[in-house]
Amino acid sequence: MTPKERRIVVVRHAEAVPKHVTDDFDRELADRGRHDAQQVGCRLAQSWVGIDLAVCSPARRTRQTWQLMLPELTAPPPTVYENRLTVLGARRLSVRVRCGTV
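Each residue of the sequence shown is one higher than the last, beginning at 0 in numbering that gives the first Met the number 0.
Next up, the structure:
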């Protein structure tokens, strides 16, 4: 990759408790989700050259997923919690990354 090229890797949150348990934003990870998040962190560390920035939804389950992935990374990147991440969509997110506003 040249210095101007960027690669976006999208990781969805791990398995969370059912929606009817609590408000969607406050749903936490299920036991299986906690285990799976660590495994995804391992795989990301093994397959990725480096991560310069992580952009994460502030929803509880996404924050928990990311926090469980972090210890597996050799060089944890700075993290930005973006409130509108889930409504941006891939194209708008790509534009924001390109412009440096995320």
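The C-beta atom is built at its ideal place from N, Cα and C for all residues, glycine as well.
Asked	Found
For Ala36, which three-state DSSP category applies?	helix
Using a Cβ-Cβ cutoff of less than 6 Å, which residues in the same chain neighbour Glu64 once the five nearest sequence positions on both sides are dropped?	Correcting the residue type first, residue 64 is Thr in the shown sequence and not Glu. His12, Ala13 and Ala36, listed in sequence order.
For Leu126, which three-state DSSP category applies?	Since the first and last residues shown for the chain are 0 and 101, residue 126 lies out of range.
Can you name, in chain order, every residue of its own chain whose Cβ lies under 7 Å from the Cβ of Leu67, other than the five neighbours on each side?	Arg33, Ala36, Gln37 and Gly40
Spatial neighbours of Thr85 within its chain, please: C-beta separation below 8 Å, excluding the five flanking residues on both sides.	Ser56 and Ala58
Quick check: what's the CA-CA separation for Tyr80 versus Val9?	14 Å
How many angstroms separate the CA atom of Lys18 from the CA atom of Glu27?	10 Å
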